[in-house]
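J.: So that we are looking at the same thing, I have put the structure below in structure tokens.
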Amino acid sequence: MVLVRNPRFLNLKLQPSTTTPSTCPSFFPIAAASMVTSCASNNISTTDLDRINVLGSGNGGTVFKVKNKTTSEIYALKKIKEDMDSTSRQQLLREIEILRLVNSSSIVKCHDIFQNPSGEVSILMDYMDLGTLESLRGKVVTEDQLALMARQILQGLNYLHELKIVHRDIKPANLLRSSKEEVKIADFGVSKIVAKSLNKCNSFVGTYAYMSPERLDSEAEGVTEEDRLNVYAGDIWSFGLTMLEIFVGYFPLLPQGQKPDQAAIICAVCFAEPPKAPEECSDELKSFIDCCLRKKASERWTASQLLNHPFLQHQD
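Those letters in the sequence shown? Residues -5 to 310, per the numbering used here, in order.
Pasting the structure below:
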């Protein structure tokens, strides 16, 4: 079984340390300038922004709702802590590199990246007014609503995978939604750009609760080299688990009401049968979840294949 070090508990999410694997590419340093190279050509400066309120905070820093004084446009400004350790800094560099690369309507857009002389870094991003998909936990979500969300997330995953980017931490807290019925992928702190087509990506980073079987225990019986090399399949497992959780209203790997803990989750992922959609669901939804939550990575559908699944076709 996997060796667990320094687990941290956060709601349903049991997060391990995120030490950067030796196979990750090296990243550029953050320039000591008033503004780092922009993700977009908006010519925005920090003096143009008024802080409205705090949207959330965590170990990495604080996210503010801000308003452009000139255009009245609303954004989210992620302010990173100045006294970050080497691991957190590496995560920030990784996130910045990926944000500079991506441009998709299904991924939270980076508008600018700022750095003041003291080293404080801030990232200006899309503001998603309904928060994360965690807010839907316990609420009634119809199959049509689920299909609409699933399609957008899969479009984002397919885009990332085509760029050889593995997210590695798909979960409700990293998926944002708006009142325009938009759902976008966020938080690339533990994501990875796969430098070579056969570059393994089963390093132990991400969130335990949403981690795929081959990533939790890559040496388990039945895990083949093909499974280990299928670096994008872990995102599909996390996506399928997230969609099922949003639909049923609770974390589906454990019985409803059971408090998740590290041992229970690892046992459920590695040894139990994958969770399934409820019996009363449509056959299309049951099949869709099954195609995502297959124990063998090589048997899971890709994001591209899932976009053509019958469950999503009525959304065309």
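By construction, the Cβ of each residue, glycine as well, lies at the ideal position given by its N, Cα and C atoms.
Quick one: Cα of Gln146 to Cα of Met237, how far?
T.: In a straight line, the C-alpha of Gln146 is about 12 angstroms away from that of Met237.
J.: Would you check if there are 3 or more beta carbon pairs closer than 8 angstroms linking the segment 101 to 121 to the segment 271 to 286?
T.: No, the segment 101 to 121 is not in contact with the segment 271 to 286.
J.: Between which two residues does the beta strand (DSSP E) containing Asn97 stretch?
T.: Premise fails: Asn97 is in no beta strand (DSSP E) and is neither H nor E.
J.: Out of Arg94, Arg162, Leu169, state which residue places its alpha-carbon closest to the alpha-carbon of Leu130.
T.: Looking at the Cα atoms, Leu169 is the closest of the given residues.
J.: For Ala140 and Cys285, what's the separation of their Cα atoms in angstroms?
T.: In the sequence as displayed, the identity of residue 140 is Leu instead of Ala. In a straight line, the C-alpha of Leu140 is about 16 angstroms away from that of Cys285.
J.: Return yes when the Cβ of Ala227 is within less than 8 angstroms of the Cβ of Ala311, no when it is not.
T.: Residue 311 falls outside the range modelled here, since the chain spans only -5 to 310, and no answer is possible.
J.: Who are the near neighbours of Pro207 in its chain, counting only those whose CB is closer than 6 angstroms to its CB and skipping five residues on each side?
T.: Closer than 6 angstroms at the Cβ level, and outside the excluded window around Pro207, lie Val263, Cys264, Lys289.
J.: Just the Cα atoms here: how many angstroms apart are Leu235 and Pro254?
T.: Between Leu235 and Pro254, the C-alpha separation is close to 15 angstroms.
J.: Among the candidates Val217, Leu287, Thr126, Pro246, whose CA atom is the shortest distance from the CA of Ser311?
T.: Nothing about residue 311 can be reported from this structure: the residues present for the chain run from -5 to 310 only.
J.: Given a cut-off of 8 angstroms on the beta-carbon distance, is the pair Ile314 and Tyr153 in contact?
T.: The question about residue 314 has no answer, for the chain in this structure spans -5 to 310.
J.: Using 8 angstroms for Cβ pairs, my map puts Val60 next to Leu86. What's the rounded Cβ distance?
T.: In fact, because the Cβ distance is near 19 angstroms, the residues do not count as touching under 8 angstroms.
J.: Let me check understanding here. Comparing Cα to Cα, which of Tyr202, Ile230, Val242, Ala271 lies closest to Thr258?
T.: At residue 258 the sequence reads Ala, which differs from the Thr that was named. The option with the nearest alpha carbon to Ala258 is Tyr202.
J.: Which of the three DSSP states is assigned to Ser116 in this structure?
T.: Reduced to three states, the DSSP call for Ser116 is strand.
J.: Just to confirm my understanding: we take Ser232, look at its own chain, exclude 5 residues before and 5 after, and list those with CB closer than 6 angstroms. What are they?
T.: The answer, listed in chain order, is Ile164, Tyr204.
J.: Where are the beta strand (DSSP E) runs, 3 residues long or more, that stay fully inside the segment 108 to 174, in chain order?
T.: For the segment 108 to 174, whole beta strand (DSSP E) runs of length 3 or above, ordered along the chain, are 115 to 120, 169 to 171.
J.: By DSSP's criteria, Leu71 is part of a beta bridge. Which residues make up the other side?
T.: Its beta-bridge partners are Phe58, Leu118.
J.: Tell me Gly183's beta-bridge partners as DSSP assigns them.
T.: BP columns for Gly183 are empty, so no partner.
J.: Buried or exposed: which applies to Asp106, given that a residue is buried once 16 or more other Cβ atoms fall within 10 Å of its Cβ?
T.: When all chains shown are included, Asp106 counts as buried.
J.: Could you check if Asp211 is buried or exposed, using at least 16 other CB atoms within 10 Å of its CB as the buried criterion?
T.: Buried, by the Cβ-count rule.
J.: Measure the Cβ-Cβ separation of Asp120 and Ala167 and say whether it is below 8 angstroms.
T.: Cβ atoms of Asp120 and Ala167: not closer than 8 angstroms.
J.: Would you mind stating whether Lys186 and Arg222 have Cβ atoms separated by less than 8 angstroms?
T.: Result no, Cβ atoms of Lys186 and Arg222 do not sit closer than 8 angstroms.
J.: Given a threshold of 16 other Cβ atoms within 10 Å of its Cβ, counted over all protein chains shown, does Ala266 qualify as buried or as exposed?
T.: Flag for Ala266 reads exposed.
J.: Classify Asp229: buried if its beta carbon has 16 or more other beta carbons within 10 angstroms, exposed otherwise.
T.: Flag for Asp229 reads buried.
J.: Would you tell me roughly how many angstroms separate the C-alpha atoms of Ser11 and Lys73, rounded to the nearest one?
T.: For Ser11, the predicted structure reports a pLDDT of 38, less than 50, and the residue's modelled location is therefore unreliable. A value from the coordinates is still provided. Rounded to the nearest angstrom, the two C-alpha atoms are 21 angstroms apart.
J.: For Leu248 and Val96, I'd like the C-alpha separation in whole angstroms.
T.: Roughly 35 angstroms between the two C-alpha positions.
J.: Whole angstroms is fine: what's the gap from Met122's alpha carbon to Asn302's?
T.: Near 27 angstroms, if we compare the C-alpha coordinates of Asn302 and Met122.
J.: Looking at the structure shown, is Leu279 part of a helix, part of a strand, or coil, going by DSSP?
T.: Three-state DSSP puts Leu279 in a helix.
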